[in-house]
Amino acid sequence: MDRRKFSIVIFMILMVIQILTLGCGKKGKKKVKNEKVIDKTLIITIPNGGDLFATLEEHNYTNLDVIRNILSERVVATAVQQDIQVEIMAVDDSLKIEKCKINAFNGYFEINAVKSDTILYKVHAKKSILKGDSIFKVLGDFGMKTKNIGYYAWKMGEFVDATSIDIGDIMTVDYSVDTLNVKKFEKFSYQPDKTTIHEFYILGPRKLKYNMIELPFELKRRFLIGELTKEHASLDGAMATFGVIPYIRQQVNNAMQAQISFSTDARVGDKFEIFIEEKYVNGEQQPRGKVLYAQYSGRRVGKKTAYRFTDKAEASAFNGMYTYNGKRLVSNAVRTPLDRMHISSPFGYRIHPILGRKIFHHGIDLRGTRGTKVYAVSSGKVIKARDGHGGYGKEVRIKHSNGMITQYAHLSRISVRYGKRVHKGQIIGAVGSTGRSTGPHLHFGVKKNGRWVNPKTNLRMIGANKLKGNRLNLFRKEIQAYKNEMKELSTKPAVQDSLKAS
Ligand SMILES: [Zn+2]
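See below:
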């Protein structure tokens, strides 16, 4: 009666036969005639530049249009930059693909036929973000509707810092394909590193369910003592001899450069101490980590120290390196417009969540609840402080002495007046959702020489110049904890090889 059911039975019987023959050790590639016999799993390697679909056609698979639809040519094209391996199991009489695993350079696709009256296939795809890619592009390549992607990306911003999305990050997409070749997206996920997976279950065109999976990792702390030598006459070079990764070295360099002029004052024999935290997953060191304490003492510079402050709130703009007295170790920095700097939508092209069109985003969107204090990032004169009734809603613009203009939009409240001077860190209003906005957030823009520029790359932003009150108390407790830990470790600190030898 049902042809599909009939073929399943045949399929299963033949699987048994297949297993039995394999069990007998007959593993040779048997040419099978057009009989009701199951082909065993076929593994094809498609060389770099080859065409996946053409290759499958050469092997006479019959349902290629379906596969083409499941994995659009766009998805496959970007994945085939090196040899790819295709593993296929098909019903031999029809050469209809039952199961297919495609292992490509930057993607992995698994397609499984489903025995149901409505669903043909289930697909699980994994793809890494390439240069010039974005989450929009990856989801779009899989055939998700632009309008929906715009909304999903917007929602994602609530959980994922959009500026952290980088080349090599992994995205997965799960969907089914029905008998009319229509895709139904079930889930997508974003994996920014080896330990975190952000999962988004699609419950409807305007409904996502979020789930975060944290995979186990290990944080290891090291206390290192070294000095500048003839061979390694810079702090950076000397730290590298301990195997400290560039990411952490950069943090130490930044904190120290705010206090020391290395180009004129560093000398061979100058000493340093660093207390660092490194991240491991399955014993493999990750390219991330942080410095907790650093000290440099030299003939010309005396003794300079830096300590890390970690605020209670996530994405706090106060996190960073400070002197013991709570002075921020960053030079030429402006204040952040909010105390928490979670970027939900970055500067540049994006799909507008309301308009659904691809437009240029002239600023960054910062997550914040209604009423969150908004600060002037630098001193200047208020050149706009009103509800413009345009897309920006209640908006403040400040002109600074260097000619730059900063913009704060969608405010719920404005607390400065047109023409007045404001100072760095002054409260100018509160986060809201006025104008064209889907929810409370701050749109922060920076204009330089008459053009909107990326605030992230054009401003060095810090929480504030000094830690005060509760934050300063917390900082002092953190310092004490570092000191205790270093004391324990310093009974046998790691010392440079060159020093050990002498
Ligand atoms: Zn915006």
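So in this note's numbering, spot 479 of the sequence shown is number 758, and the numbers just go up one at a time. Even glycine gets a Cβ: it sits at the ideal position worked out from N, Cα and C. Computed from a predicted structure; not experimentally measured.
#1: Count the C-beta pairs between the stretch 393 to 404 and the stretch 444 to 456 that are closer than 8 Å, then say yes if the count reaches three, no if not.
#2: Going by DSSP, which residues form a beta bridge with G714?
#3: Taking buried to mean at least 16 other C-beta atoms within 10 Å of its own C-beta, is M423 buried or exposed?
#4: Count the C-beta pairs between the stretch 480 to 496 and the stretch 424 to 439 that are closer than 8 Å, then say yes if the count reaches three, no if not.
#5: With 9 Å as the threshold, decide whether the Cβ of G724 is near any Cβ in chain B.
#6: Let me check you understand the geometry: is the CB of G642 closer than 8 Å to at least one non-hydrogen atom of ligand 1?
#7: Out of N460, I414, T685, state which residue places its alpha-carbon closest to the alpha-carbon of M435.
#8: Between which two residues does the alpha helix (DSSP H) containing F541 stretch?
#9: Near S373, which residues of its chain fall below 6 Å by C-beta distance, leaving aside the five closest residues on each side in sequence?
#10: Could you check which residue in A594, V531, R567 has the C-alpha nearest to that of R587?
#11: In the stretch 353 to 427, which residue ranges form an unbroken beta strand (DSSP E) of at least 3 residues, counting only runs that do not cross its ends?
#12: Using DSSP with H/G/I as helix, E/B as strand and the rest coil, what is F521?
#13: Assign Q536 to one of three DSSP states: helix, strand, or coil.
#14: Work out the CA separation of I539 and Y697 for me, nearest whole Å.
#15: Leaving out five residues before and five after G782 in sequence, what residues of the same chain have Cβ atoms less than 6 Å from its Cβ?
#16: If we count the other Cβ atoms within 10 Å of its Cβ and call it buried at 16 or more, is G562 buried or exposed?
#17: Taking the straight line between their C-alpha atoms, what separation do you get for K583 and F464?
#18: Going residue by residue through the stretch 550 to 579, where are the continuous beta strand (DSSP E) segments of at least 3 residues, counting only ones entirely within it?
#19: Count the other CB atoms within 10 Å of the CB of H720; is the residue buried (16 or more) or exposed (fewer)?
#20: Taking its Cβ as the centre, do 16 or more other Cβ atoms sit within 10 Å of G711, making it buried, or is it exposed?
#21: DSSP on R607, reduced to helix/strand/coil?
#22: Is the stretch 726 to 736 in contact with the stretch 688 to 696, if contact means three or more CB pairs nearer than 8 Å?
#23: On a Cα-Cα basis, can you pick out the residue from R629, T615, Y603, I741 that is closest to Y761?
#24: Which word fits G548, buried or exposed, when buried means at least 16 other C-beta atoms lie within 10 angstroms of its C-beta?
#25: When you measure from the CB of A688 to every non-hydrogen atom of ligand 1, does any distance come out below 8 Å?
#26: Which residue from A333, K462, A392 puts its Cα closest to that of N348?
#27: Any heavy atom of ligand 1 within a distance shorter than 8 Å of the CB on S624?
#28: Give me, in chain order, the residues of the same chain whose beta-carbon lies closer than 6 Å to that of Q565; leave out the 5 immediate sequence neighbours on both sides.
#29: Taking the beta strand (DSSP E) that I638 falls in, what are its first and last residues?
#30: Suppose you measure from the CA of L753 to the CA of D590; what does that come to, to the nearest Å?
#31: D472 bridges to which residues according to DSSP?
#32: With a cut-off of 8 Å on the beta carbons, I'd call D420 and R500 a contact; round off their distance for me.
#33: Measuring alpha carbon to alpha carbon, tell me which of T458, D472, E767, N490 ends up nearest F479.
#34: Count the other C-beta atoms from every protein chain shown that fall within 10 angstroms of the C-beta of I677, then say buried if there are 16 or more, exposed otherwise.
#35: With DSSP collapsed to three states, give me the class of A596.
Answer, in terms of the structure:
#1: As far as the Cβ criterion goes, the stretch 393 to 404 touches the stretch 444 to 456, which means the pair count is three or higher.
#2: DSSP lists no partner for G714.
#3: When all chains shown are included, M423 counts as buried.
#4: Enough Cβ pairs lie closer than 8 Å, so yes.
#5: The question asks about chain B, but that chain is absent: this structure has only one protein chain.
#6: Yes, the beta carbon of G642 sits closer than 8 Å to at least one heavy atom of ligand 1.
#7: Looking from the CA of M435, the closest CA among N460, I414, T685 belongs to I414.
#8: F541 -> alpha helix (DSSP H) spans 541 to 544.
#9: The beta carbon of S373 lies closer than 6 Å to those of T341 in the same chain, with the five residues before and after it left out.
#10: The residue with the shortest Cα to Cα distance from R587 is V531.
#11: The stretch 353 to 427 contains these whole beta strand (DSSP E) runs: 363 to 370, 375 to 383, 386 to 392, 398 to 407.
#12: Here F521 carries a coil assignment [DSSP, helix/strand/coil].
#13: Helix at Q536.
#14: Taking the straight line from one Cα to the other gives about 41 Å.
#15: This structure gives no information on residue 782, because the portion of the chain shown stretches from 280 to 781.
#16: Flag for G562 reads exposed.
#17: Cα to Cα, K583 sits roughly 56 Å from F464.
#18: Those beta strand (DSSP E) runs which fall completely within the stretch 550 to 579 and span 3+ residues are 550 to 560, 563 to 577.
#19: Burial call: buried.
#20: Classification for G711: buried.
#21: In the three-state reduction of the DSSP assignment, R607 falls in the strand class, which pools E and B.
#22: No, they do not touch.
#23: When R629, T615, Y603, I741 are compared, the shortest CA-CA separation from Y761 is found for Y603.
#24: That one is exposed.
#25: Result yes, Cβ under 8 Å from ligand 1.
#26: Nearest option by C-alpha distance: K462.
#27: For ligand 1, at least one heavy atom lies less than 8 Å from the Cβ of S624.
#28: If we look at Q565 and ignore the five residues flanking it on each side, its Cβ neighbours are K558.
#29: Under the DSSP assignment, I638 falls in the beta strand (DSSP E) whose first and last residues are 637 to 640.
#30: As the crow flies, the alpha-carbon of L753 is around 8 Å from that of D590.
#31: Bridge pairing for D472: T475 [DSSP].
#32: Not a contact, Cβ separation roughly 42 Å.
#33: Measuring from the Cα of F479, the nearest candidate turns out to be N490.
#34: Residue burial annotation: I677 is buried, with at least 16 other C-beta atoms found within 10 angstroms of its C-beta.
#35: Coil, per DSSP.
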